[in-house]
Amino acid sequence: MFKECLKYNIVPFIIEDNLKMYYYRGLKEWDNEKGYLRDTCLTAQDRYKQYLDYFEIKY
1465 MFKECLKYNI VPFIIEDNLK MYYYRGLKEW DNEKGYLRDT CLTAQDRYKQ YLDYFEIKY
């Protein structure tokens, strides 16, 4: 997923330990509620953007 994000100029994300439970729930509930997984990935992406900002890397 990380490599595909970079390929299409999308800020990548990393699911860290504190988000894993939400990520697994999102995968489990995907057929019923797509928002869980989407929100988890966007949260992880926001955190990755903070890292990029810290190191002054443009995205």
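For the sequence shown, the positions run 1465 to 1523 when our numbering is used.
Backbone N, C-alpha and C fix where the C-beta goes; we use that ideal spot for every residue, glycine too.
Contact under 8 Å by Cβ, residue i with residue j
i: Phe1477; j: Gln1514; result: no
i: Leu1460; j: Leu1506; result: Given that the chain is displayed from residue 1465 to residue 1523, the structure contains no residue 1460 and the question cannot be resolved.
i: Tyr1487; j: Ile1479; result: yes
Any non-hydrogen atom of the ligand GDP closer than 7 Å to residue i Cβ
i: Gly1490; result: Looking for the ligand GDP in the displayed structure turns up nothing, as the structure carries no ligands at all.
Residue from the options with nearest C-alpha to residue i
i: Lys1484; options: Tyr1523, Cys1469, Tyr1512 and Thr1504; result: Thr1504
i: Leu1516; options: Val1475, Thr1507 and Glu1480; result: Val1475
i: Leu1470; options: Tyr1512, Phe1519 and Tyr1518; result: Tyr1512
Go through the region 1480 to 1510 residue by residue and report every complete run of the alpha helix (DSSP H) that reaches 4 residues or more, in order. 1484 to 1492
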